[in-house]
Amino acid sequence: MSSVSLIAATSYELDQLRQSLETLLAPLGGMAAFVKPGDRVLLKPNMLTGARPTKECTTRKEIVYCVAQMVMDAGGKPFIGDSPAFGSAHGVAKQNGYLELIEELDIPLIEFHGKRYETESDNYKNLRLSKEAMEADVVINLPKVKSHIQLTMTLGVKNLFGCVPGKMKAWWHMEAGKEPETFADMLIETAKAIAPDLTIIDGIIGHEGNGPSGGEPKDLGVLGAAADVFALDRAMVDILGVEPELVPTVALSMKKELCSTVEAINFPLAEPKELAIADWKLPEALMPIDFALPRILKSTFRHLYIRFIKEPMASYSDK
């Protein structure tokens, strides 16, 4: 039986947040249960974009900071990595206020590079994934609770799509996104291949409505953690009052028996019903998951423009 640790938490103030995270991980054995001295530990936040830094589109820097401290206290060597939809990891980190905290702790921030890996899936014999994620000793997945105009919700499984490097994500949307279940299958196989050791979800403030970036912040007051990313996602949709059948990644993970009912999950602290949110807003209308070629090319051009023209020019002007 998978265990999912859930607590009420309302503050990103560092001392209170650190205490909340310690409480959250205690039933799972604490950070020392996941990180051993000398381990290279990837912290994988949601760093979607730097375009809306006040709209809670990305994992809060305070979460990353406190988790990095806890990893270091356990003797691990944390580094931060992601493959944002638009721009570079460094550029998105800068726009979202990560750099000051990263510099204080002297943590590397890396760009992901792709390598092809074989999988056990019947549908996806191999996937091009971040070699930095695949070669890390420990992967700590740090998603943000968000609505999503294509997949209803972004939670722990979807966050690991950031381990698909660069614009390969957009091409996967086009190739695997013709049917929601097909795309969900690819996301699940990616999550299984990355196999995060620990997922800690940032639900203190979520992003509702037309996410993953076009919605608005929503106070939720929740932190969740689990070694089993599929069980954590299942618990979170229950908290939000979202039917699991509406979330392709959750629905298919249940069909594949990667997770089951909420009743089959062990909750050592709070249960989902104690943290329930009655008025979470889903997208106004789901967009087709199928990406046409012109849209892919436009998205690719935007990414390249931000990463190789806009970000370097902004960096130059700061000097």
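Numbering (the numbering used here), first residue to last: 1 to 319. We put the CB at the ideal spot given by N, CA and C, even for glycine. Computed from a predicted structure; not experimentally measured.
Asked: Between V242 and the rest of its own chain, which residues show a CB-CB distance below 8 Å, the 5 nearest in sequence each way excluded?; Found: T152, M153, W280, L282
Asked: Going by C-alpha distance, which of A227, K55, L14, A225 is nearest P212?; Found: K55
Asked: If you follow the alpha helix (DSSP H) that P248 is part of, which residue opens it and which one closes it?; Found: 248-255
Asked: List the DSSP bridge partners of N266.; Found: S3
Asked: If I measure Cβ to Cβ from G114 and keep anything under 6 Å in the same chain, skipping five residues before and after, which residues do I get?; Found: R128, P165
Asked: So P180 packs on P248, CB below 8 Å; how close in whole Å?; Found: 4 Å
Asked: I'd like the list of long-range same chain contacts for S315, defined as Cβ closer than 6 Å, with 5 residues on each side in sequence excluded.; Found: With a pLDDT of 43 at S315, under the threshold of 50, the modelled position of that residue is not reliable, and the figure given next carries that caveat. Excluding positions up to five away in sequence, the list is empty.
Asked: Quick one: Cα of T49 to Cα of V92, how far?; Found: 6 Å
Asked: Does the Cβ-Cβ distance between M134 and P84 come in under 7 Å?; Found: no
Asked: Once the 5 residues before and after D219 are set aside, which same chain residues still bring their CB inside 6 Å of it?; Found: I205
Asked: In the DSSP output, what is T199 paired with across the bridge?; Found: N141, A226
Asked: Quick one: is S11 buried, meaning 16 or more other Cβ sit within 10 Å of its Cβ, or exposed?; Found: exposed
Asked: Run through DSSP, which three-state label would K146 get?; Found: strand
Asked: Between which two residues does the beta strand (DSSP E) carrying P45 extend?; Found: 40-45
Asked: Mind checking whether V229 and A191 have CB atoms under 7 Å apart?; Found: yes
Asked: How big is the Cα-Cα spacing for S260 and M1?; Found: 10 Å
Asked: Curious, which full-length alpha helix (DSSP H) runs of at least 4 residues does the region 9-75 contain?; Found: 14-25, 61-73
Asked: Going by the CB atoms, is the gap between G203 and V145 shorter than 7 Å?; Found: yes
Asked: If the criterion is Cβ atoms closer than 7 Å, does the pair S121 and E189 meet it?; Found: yes
Asked: Nearest-angstrom Cα distance between R52 and I140?; Found: 24 Å
Asked: Determine the closest residue to D185 out of Y124, G224, P244, E216, with distance taken between C-alpha atoms.; Found: Y124
Asked: Give me, in chain order, the residues of the same chain whose beta-carbon lies closer than 7 Å to that of L275; leave out the 5 immediate sequence neighbours on both sides.; Found: L6, A8, V222, I239
Asked: Measure the C-alpha to C-alpha separation of T119 and A195 and round it to an integer number of angstroms.; Found: 12 Å
Asked: Run the CB neighbour count on L14, radius 10 Å, all protein chains shown included, and call it buried at 16 or more, exposed below.; Found: exposed
Asked: Rank L17, P108, R18, L24 by C-alpha distance to the C-alpha of A225 and give the top, closest one.; Found: L24
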